[in-house]
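Residue numbers (this note's numbering): 1484 to 1571.
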């Protein structure tokens, strides 16, 4: 990405091609939506959720993972939103 694109906030245009052999689960998820806006929006959601998960701000919804988090660090899910107020 060049400096102009970062400063201007111009939209990013992508051509996305995916074969089922590359990523079967992703392909199966996306193929259930018709071509166009619905499929693009689903890809956006999946990409954003992946970014949040990579940054540690999103927790997958599997029950075993939720149980593990409840035992270890439940505050990670809410970012201590419901914790005591911060002192000034």
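Glycine included, C-beta positions come from ideal geometry on N, C-alpha and C.
- Around residue 1525, the same chain offers 1512, 1513, 1516 as residues with beta carbons nearer than 8 Å, after the five sequence neighbours per side are excluded.
- Of the candidates 1505, 1499, 1537, the residue whose Cα lies closest to the Cα of residue 1519 is 1499.
- Taking 4 residues as the shortest admissible run, the region 1508–1540 contains the following complete alpha helix (DSSP H) segments, listed from N- to C-terminal end: 1520–1537.
- A distance below 7 Å between beta-carbons, with the five flanking residues on each side excluded, links residue 1507 to no residue of its chain.
- The beta carbons of residue 1501 and residue 1510 sit about 6 Å from each other, so the pair counts as a contact at 8 Å.
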